[in-house]
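Engineer: A single structure is presented below for examination.
Protein chains: 2
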Amino acid sequence: EIVEAVARAFGQGPLAGRRVLVTSGPTHEPIDPVRYIANRSSGAQGTALGRALAELGAEVVFVTGPADVPPPPGVEVVRVRTAAEMREAVHAALPVEAAVFAAAVADWRVAEASASKIKKTGELPVLRMAENPDILAEIAGLGADRPGLVVGFAAETDEVEAHAAAKRARKGCDWILANDVSEGTGIMGGTENEVLFITEGGTERWPRMAKETVARRLAARIAEALQEG
Amino acid sequence: EIVEAVARAFGQGPLAGRRVLVTSGPTHEPIDPVRYIANRSSGAQGTALGRALAELGAEVVFVTGPADVPPPPGVEVVRVRTAAEMREAVHAALPVEAAVFAAAVADWRVAEASASKIKKTGELPVLRMAENPDILAEIAGLGADRPGLVVGFAAETDEVEAHAAAKRARKGCDWILANDVSEGTGIMGGTENEVLFITEGGTERWPRMAKETVARRLAARIAEALQEG
């Protein structure tokens with residue numbers, strides 16, 4: 001790691017001079033001033049990825065929701081809370097050469113969040129949802145500003161490969177890392193990951209390994225792709 | 230603190246030999262395997278209170294939801310996630326001489342949580358709520374097993390004193406500590422608290438102070454009440 005830090009300081013490493021965006025963590029969508037909708041993303045995979053990319057010399061913009069783990073060293077940290085804030089931060093970070101969307105962005109927000117704490121009056125609240133911006137599809141669909149490489153994540157609980165491959169096509173991103181986040185797998189909130197790496201060329205099944213190892217493997221693939229491109 | 234630890238080890242302190250229950254932190258109510266409803270309670274006030282009671286010699290059962298801060302030393306920790314789990318843990322901890330309900334228990338859970346991750350199909354989900362057990366009212370309403378002293382918290386965003394006094398009467402608890410958790414106050418998730426201490430005798434307005442100071446003041450009042458009782 002010292003060697004990498006030195007290499008980075010001297011502008012070395014295969015990603016030296018490359019600006020890369022990573023999103024990480026969950027988003028929180030307010031219901032009222034004290035309640036919100038969250039998800040079990042800890043930010044561990046995104047954080048490991050930010051670190052791995054920085055270690056290869058990249059200039060990393062790290063846009064993070066309220067994660068359980070602290071952001072990695074050596075990156076530019078942008079903290080956000082909601083999907084709408086994350087979208088804004090992502091657009092502000094452009095242009096970048098590669099963008100990896102590891103955040104578990106809420107698909108929906110509460111359509112009408114309450115400005116004061118909802119009282120327990122006996123009447124049960126019904127929360128109607130509104131669709132959040134689809135940041136991955138939006139960035140993958142950009143014209144001139146589109147990053148050369150757009151990578152998404154797919155957290156599934158069933159038919160992982162089919163759902164993830166469909167997601168890759170639908171979003172227009174280049175690669176998808178898909179995983180099974182069913183409670184029994186211990187992946188969401190845990191230290192290990194087991195991913196399918198899905199590209200235009202097909203699917204690679206990576207064995208279960210530490211999130212740091214997944215991150216380094218993905219960072220190396222990103223470095224290869226940017227060097228070829 | 231060393232003196233207190235020694236005193237405790239020798240079974241001293243005004244609460245020596247007294248069994249006290251403290252609940253702390255938020256609860257998380259599942260929407261599906263990855264999404265849940267949460268609230269902005271950090272567990273800081275409940276944790277400070279558990280510590281303060283232990284420092285006075287109490288045998289503390291500390292029932293905590295998924296808090297941001299680690300539980301205090303010297304207490305028996307019971308970790309739970311949902312309101313239903315917290316209720317079960319509280320009943321299992323009885324009998325106790327005093328019970329302080331500092332947890333921000335969700336008033337509602339999702340009526341029909343989904344066993345698999347809800348897909349983004351274009352149709353917007355509508356979350357119907359079901360009422361959670363009212364743990365404070367339940368324990369305050371017990372007969373023979375009722376703790377001699379039952380203390381609740383009221384997190385309000387408007388008309389704090391009126392809402393909290395009404396809550397004290399409605400729940401049947403002895404004391405209420407009420408605070409204003411509007412975002413502007415920085416209390417929920419912050420390090421300071423500003424409470425109204427509401428008893429049968431009336432309302433004391435405590436100045437804004439560190440959550441540790443609120444905890445020590447409340448612990449001292451609990452010690453007085455148990456010694457008188």
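Taken in sequence, the protein lines are chains A and B. Residue numbers are given in my numbering: position 131 of the first sequence equals residue 131, and the series is strictly consecutive. Going from the second sequence to my numbering is simple: count from 1 and add 229. A virtual CB, placed ideally from N, CA and C, is assigned to each residue, including glycine.
1) Would you give the residue range spanned by the beta strand (DSSP E) that G152 of chain A belongs to?
2) Check each candidate in A:G122, A:V150, A:E29, A:A102 and name the one with the smallest Cα separation from R81 of chain A.
3) What are the boundary residues of the alpha helix (DSSP H) that R316 of chain B is part of?
4) Does V34 of chain A get closer than 8 Å to chain B when you measure Cβ to Cβ?
5) Can you grab the Cα-Cα spacing for the pair G351 of chain B / K171 of chain A, in whole Å?
6) So who's on the other strand from A273 of chain B, going by DSSP bridges?
7) List the residues that DSSP assigns as beta-bridge partners of D180 of chain A.
8) Could you tell me the boundaries of the alpha helix (DSSP H) in which E367 of chain B lies?
9) How close, in whole Å, do the beta carbons of N132 of chain A and D107 of chain A come, if the pair is a contact with beta carbons under 8 Å?
10) In angstroms with no decimal places, state the Cα-to-Cα distance between K117 of chain A and E385 of chain B.
11) State the Cα-Cα distance for the pair S271 of chain B and S42 of chain A, rounded to the nearest angstrom.
12) Enumerate in chain order the residues of its own chain whose CB-to-CB distance from A340 of chain B is below 7 Å, with the five nearest sequence positions on each side excluded.
13) Confirm, please, whether the CB-CB distance from A102 of chain A to T23 of chain A is below 8 Å.
14) Anything in chain A within Cβ reach of T256 of chain B, meaning under 9 Å, just list it in chain order.
15) Hey, does L149 of chain A have any beta-carbon neighbour from chain B nearer than 8 Å?
16) For I347 of chain B, which of helix, strand or coil comes out of DSSP?
17) Residues in the same chain with beta-carbon distance under 7 Å from G418 of chain B, minus the five sequence neighbours each way, listed in chain order, please.
18) Evaluate the contact criterion for the stretch 52–72 of chain A versus the stretch 272–281 of chain B: three or more CB pairs, one atom per stretch, below 8 Å.
19) Closer than 8 Å is the cut-off here; do at least three beta carbon pairs connect the stretch 290–297 of chain B with the stretch 366–381 of chain B?
20) So, for V34 of chain A: in the same chain, excluding its five sequence neighbours on each side, which residues have a beta-carbon less than 6 Å away from its beta-carbon?
21) Using beta carbons (cut-off 8 Å, strictly below), is D158 of chain A in contact with chain B?
22) Check the Cβ of L124 of chain A against every Cβ in chain B and list those closer than 9 Å, keeping chain order.
23) What do you reckon, are the CB atoms on N408 of chain B and E421 of chain B nearer than 8 Å?
24) Just verifying my parser: in three-state terms, what is the DSSP assignment at V325 of chain B?
25) According to DSSP, N268 of chain B sits in a beta bridge with which residue or residues?
26) Any idea what DSSP makes of T203 of chain A, helix, strand or coil?
27) In the stretch 156–188 of chain A, which residues sit with their C-beta less than 9 Å from some C-beta in chain B, listed in chain order?
28) Could you work out which residues of chain B lie near S116 of chain A, taking near to mean beta carbons separated by less than 7 Å?
29) Give the secondary structure of A332 of chain B by DSSP, where H, G and I count as helix, E and B as strand, and everything else as coil.
30) Have a look at the DSSP bridge pairing and note the partners of E421 of chain B.
31) Buried or exposed: where does L21 of chain A fall if 16 or more other Cβ atoms within 10 Å of its Cβ makes it buried?
32) Thinking just about the alpha-carbon of each residue, which of B:A395, B:R247, B:A277 is nearest to the one in A327 of chain B?
33) Between the Cα of I71 of chain A and the Cα atoms of A:G13, A:A215, A:E183, A:G46, which residue gives the shortest distance?
34) Taking the C-alpha atoms as reference points, what is the distance between P354 of chain B and T185 of chain A?
35) Since I260 of chain B meets chain A, which of its residues come closer than 8 Å, beta carbon to beta carbon?
36) Spell out whether any CB of chain A is found under 8 Å from the CB atom of K349 of chain B.
Structural biologist: Put simply:
1) That run of the beta strand (DSSP E) goes 149–156.
2) Out of A:G122, A:V150, A:E29, A:A102, the CA that lies nearest to the CA of R81 of chain A is found in A:E29.
3) 312–322
4) Cβ-Cβ to chain B under 8 Å: yes for V34 of chain A.
5) Their backbone Cα atoms lie some 14 Å apart in a straight line.
6) A273 of chain B is not bridged to any residue.
7) BP columns for D180 of chain A point to A:E156.
8) Here the alpha helix (DSSP H) through E367 of chain B covers 364–369.
9) 6 Å
10) 7 Å
11) 16 Å
12) Contacts found: R357, M358, A359.
13) yes
14) Those do not exist, as T256 of chain B stays about 11 Å from chain A at its closest Cβ, beyond 9 Å.
15) For L149 of chain A, the answer is no, since every Cβ of chain B falls outside 8 Å of its Cβ.
16) Reduced to three states, the DSSP call for I347 of chain B is coil.
17) R269, S271
18) Segments in contact, no.
19) no
20) K117
21) Contacts with chain B at 8 Å (Cβ-Cβ) include D158 of chain A.
22) W337, A340, R357, M358, A359, E360
23) no
24) coil
25) A:R35
26) strand
27) From the stretch 156–188 of chain A, only E156, T157, D158, H163, V181, S182, E183, M188 have a Cβ closer than 9 Å to chain B.
28) T386, D387
29) coil
30) B:A439
31) buried
32) Just measuring C-alpha positions, the residue of B:A395, B:R247, B:A277 sitting nearest A327 of chain B is B:R247.
33) The sequence shown places Pro at residue 71 of chain A, not Ile. Of A:G13, A:A215, A:E183, A:G46, the residue nearest in Cα terms is A:G46.
34) Rounded to whole angstroms, P354 of chain B to T185 of chain A spans 26 Å at the Cα level.
35) I37
36) yes
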